[in-house]
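Participant: Residue numbers (mature numbering (1 follows the signal peptide of the UniProt record, and there is no 0)): -20 to -1, 1 to 346.
We treat Cβ as the ideally placed atom computed from N, Cα and C, and that holds for glycine.
(1) State the Cα-Cα distance for the pair residue 182 and residue 332, rounded to the nearest angstrom.
(2) Buried or exposed for residue 317, please, with buried defined as at least 16 other CB atoms from any protein chain shown within 10 angstroms of its CB.
(3) Could you check which residue in 185, 149, 198 has the C-alpha nearest to that of residue 353?
(4) Between the alpha carbons of residue -10 and residue 28, how many angstroms are there, rounded?
(5) Rounded to the nearest angstrom, how far is the Cβ of residue 52 from that of residue 21, given a contact under 8 Å?
(6) According to the Cβ coordinates, are residue 245 and residue 251 closer than 8 Å?
(7) DSSP state of residue 69, grouped into three classes?
(8) Compare the Cα-Cα distances from residue 168 to each of 101, 208, 49, 334 and report the closest residue.
(9) Would residue 74 and residue 106 qualify as a contact pair, given that the criterion is a beta-carbon distance under 8 Å?
(10) Going by C-alpha to C-alpha distance, which of 184, 152, 64, 282 sits closest to residue 140?
(11) Look at the alpha carbon of residue 323 and the alpha carbon of residue 265, and state the distance between them as a whole number of angstroms.
(12) Give the C-beta separation of residue 355 and residue 309 to the nearest angstrom, bearing in mind that I take them to be a contact with Cβ-Cβ under 8 Å.
(13) Once you ignore the five residues that flank residue 249 on each side, which residues in its own chain have a CB closer than 7 Å to its CB?
(14) With which residues is residue 97 paired in a DSSP beta bridge?
(15) What residue range does the beta strand (DSSP E) around residue 119 cover?
(16) Which ranges would you report for the beta strand (DSSP E) in the stretch 208 to 252 if only whole runs of at least 3 residues count?
(17) Beta-carbon separation of residue 155 and residue 145 under 8 Å?
(18) Are at least three pairs of beta-carbons, each pair with one atom in the stretch 223 to 230 and one in the stretch 26 to 41, less than 8 Å apart?
(19) Who pairs with residue 88 in a beta bridge, going by DSSP?
(20) Label residue 47 either buried or exposed according to how many other C-beta atoms from any shown protein chain fall within 10 Å of its C-beta, with 16 as the threshold for buried.
(21) Along the chain, where does the alpha helix (DSSP H) that runs through residue 83 open and close?
(22) Restricting to Cα atoms, I'd like to know which of 44, 39, 38 is closest to residue 18.
(23) Anyone know if the C-beta pair for residue 305 and residue 272 falls short of 8 Å?
(24) Once you ignore the five residues that flank residue 290 on each side, which residues in its own chain have a CB closer than 6 Å to its CB?
(25) Could you tell me whether the stretch 201 to 219 touches the stretch 3 to 14, where touching means 3 or more Cβ pairs closer than 8 Å?
(26) Using 10 angstroms around the beta-carbon of residue 179, count the other beta-carbons present and answer buried if the total reaches 16, otherwise exposed.
(27) Residue range of the beta strand (DSSP E) that residue 107 falls in?
(28) Alpha carbon to alpha carbon, how far is residue 342 from residue 192? Give it in angstroms, no decimals.
(29) Just to confirm the assignment, what range does the beta strand (DSSP E) spanning residue 45 have?
(30) For residue 314, I'd like the list of residues in its chain whose CB is within less than 8 Å of its CB, leaving aside the five on either flank, ordered along the chain.
(31) Quick one: what's got a C-beta closer than 6 Å to residue 312's C-beta in the same chain, skipping five residues either side?
(32) Around the Cβ of residue 260, are there at least 16 other Cβ atoms within 10 angstroms (buried) or fewer (exposed)?
(33) Shorter than 8 Å from the beta carbon of residue 148 to some beta carbon of chain C?
(34) Who are the near neighbours of residue 62 in its chain, counting only those whose CB is closer than 6 Å to its CB and skipping five residues on each side?
(35) Does the distance from the CB of residue 239 to the CB of residue 188 come in under 8 Å?
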């Protein structure tokens, strides 16, 4: 059943204050009066505030803020609507057409009586300015709930692997394991094998770049120096190792937003706004680890997870973290049989660590 409401019922344009025409007027964000968006037409939490209109303007203006995974129902506007995205990322869709991704700076014009919806992505908030032309006559017709396809599943499939682990991928696990344990002699042997198996200098160096977030700089730097000394030895013998593709620069990216999205995509959960109430740890985890490091494209997301799993299994006593990264690796396409190959390697090196890894694997992946 269709339900008619004046657009001004949401953004209150008719009752909005007006700008004076003889001096600048300032309205600070912290002084806005916010209203809760109607729960019957929004899938989650959202709020809006009216903005002042220029004197004699017939249009209505508002800011609408969506929490992650909050969207509107299908609806239309009799006079159309402009949306200007000011923060975060979101989606919008016109009836019968593909979903469109929108982000900060994007502008959407929805023509009169065109059926559509809009809102935030599962892992990011989204704010937009809504402009309703001819607000007094502009009616919103609210329609049915949106039945969304799981867009995050499609995104996950794009970075997943459906083939068995290659020897080079297992070599990354072994490199991470020996580096985390500080065992440089077996590490050197594994590095030689990895190069002979086809891993590039760029890929192996990136193992240490990623690993420092889990094992710390001292272990990661010792591993990197061992690798660099090995490369010098091989070069002196006339061995030319393949350099590989360096990571593409990511200057200017919003690593915090991207990292929040990546963390949510990999884990399958919407990350807390501030993890554990610690803003510094929250920023380091989202912006640096899952944002910056995962944006470096000389290792795939799965290969980064293999490095994390190998490191955590080597450290011992990291069952909670191990569980998280084993689950992520499984979400990225690795069946239990492939994860078992990693546990089997650890068990050959240390029976207690292997036993711990086996317990975590058996409890979380069937």
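Facilitator: Let me lay it out:
(1) 33 Å
(2) Per the 10 Å Cβ criterion, exposed.
(3) The structure shown does not extend to residue 353, since the chain spans only -20 to 346, so no value can be given for it.
(4) Because the pLDDT of residue -10 is 48, which lies under 50, any placement of that residue in the model is unreliable, and the question is left without a value.
(5) 6 Å
(6) no
(7) strand
(8) Answer by Cα proximity: 208.
(9) no
(10) Selected option, being the one with the closest Cα: 282.
(11) 26 Å
(12) What is shown of the chain runs -20 to 346, which leaves residue 355 out entirely.
(13) So the list is empty, once near-sequence residues are dropped.
(14) 73
(15) That run of the beta strand (DSSP E) goes 119 to 122.
(16) Unbroken beta strand (DSSP E) stretches of 3 residues or longer found wholly inside the stretch 208 to 252: none.
(17) no
(18) no
(19) 63
(20) buried
(21) Per DSSP, residue 83 belongs to no alpha helix (DSSP H); it is in the beta strand (DSSP E), 80 to 83.
(22) 44
(23) no
(24) Exclusion of the five residues before and after residue 290 leaves 153, 156, 157 as the residues of its chain whose Cβ lies within less than 6 Å of its Cβ.
(25) no
(26) With 16 or more other Cβ atoms within 10 Å, it is buried.
(27) 106 to 112
(28) 27 Å
(29) 40 to 46
(30) 141, 145, 282
(31) 140, 282
(32) That one is exposed.
(33) Looking for chain C here will not work: only one protein chain is present.
(34) Cβ within range, chain order: 89, 111.
(35) no
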